[in-house]
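Input: a single structure, listed below in structure tokens.
In the UniProt record's numbering, the protein residues as written are 1 to 258.
Written out as structure tokens, the structure is:
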């Protein structure tokens, strides 16, 4: 695919350890298979995304090789210098770690967006998505995840995120989850034992031919057809028609609920 406007998509989890890195890589592989030019940026300060790729990551620059004070990079040169993996370009960390803070992302994203159809960011939960980026939030169907996803969505500065739902927990059905968070459910990430096994062994987590790969292909197709993200509505405009029966202490009900 060759697009006239590159897209930047941040992938993050509602809670830690829910599988956002795995989702990022599954999605990157699925989109590259559809002839998208894809780059993946590991924004974790620990730079651990490469540990999920097994021996498949080629030679190239990592975060520690890039000057921290650089404000602009040559697009083609940076792209060629990054390691290749399954048709994608990958920027991750090594034992020196990843980016120290969100400020390091801007020149990297600007450069890669000029060469790629899509730049995927494996975004830490505590970081705000870059301006203009679309966002996917991976969440379970348990109440704790739903509350975290709602808080995460409320703090998005420019657009409402979409949800990818893991089939974990039974507190909320999909419609209730969408209403409670004010977000659209775009896809699913099923439980896949083979992915967990590969992660534990340090193998490529996308090598499995199970349900996760199929779900990622479907999600990639939906992303291809998805229109530009809409602006974030004011809190009063968010759907107020449903709330769970209880919330953790310190979490207030949305206005108009209860």
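All C-beta atoms in this analysis are idealised placements derived from N, C-alpha and C, irrespective of residue type, glycine included.
It should be emphasised that the depicted structure is a prediction, and the values quoted were computed from it without experimental measurement.
Subject >> Start-end ranges of the alpha helix (DSSP H) lying completely within the region 118-201, minimum 4 residues >> reply: 143-154, 174-181 and 193-201
Original post:
Cβ atoms of residue 11 and residue 23: under 7 Å apart, would you say?
Top reply: yes
**OP:** Assess, as a yes-or-no matter, whether the region 202-218 is touched by the region 66-83 under the definition of 3 or more beta carbon pairs within less than 8 Å.
**Re:** no
Subject >> Whole-number beta carbon distance between residue 171 and residue 143, since they are thought to touch under 8 Å >> reply: 4 Å
Original post:
Rounded C-beta distance between residue 75 and residue 115? I'm assuming under 8 Å.
Top reply: 5 Å
Original post:
Terminal residues of the continuous alpha helix (DSSP H) containing residue 9?
Top reply: Looking at the DSSP string, residue 9 is not in any alpha helix (DSSP H); the run it does join, the beta strand (DSSP E), is 7-13.
Subject >> Cβ-based neighbour list, residue 157, same chain, cut-off 8 Å, excluding 5 preceding and 5 following >> reply: 128, 129, 131 and 232
**OP:** Ignore the nearest five residues each way along the sequence and tell me which others in residue 203's own chain have a CB closer than 7 Å to its CB.
**Re:** 54
Original post:
When burial is assigned at 16 or more other CB atoms within 10 Å of the CB, is residue 249 buried or exposed?
Top reply: Note that residue 249 scores a pLDDT of 44, beneath 50, so its modelled location is shaky; the value from the coordinates is reported in the next line. So residue 249 counts as exposed.
**OP:** State whether the region 43-58 contacts the region 189-196, with contact taken as three or more CB pairs (one from each stretch) at a distance under 8 Å.
**Re:** no
Original post:
In terms of alpha-carbon separation, which member of 56, 44 and 126 lies closest to residue 96?
Top reply: 44
Original post:
Less than 7 Å separating the beta-carbons of residue 119 and residue 109?
Top reply: yes
**OP:** Have a look at the DSSP bridge pairing and note the partners of residue 89.
**Re:** 39 and 84
Original post:
What's the C-alpha gap between residue 226 and residue 56?
Top reply: 30 Å
Subject >> Nearest to residue 210 (by Cα), restricted to the options 181, 197 and 224 >> reply: 197
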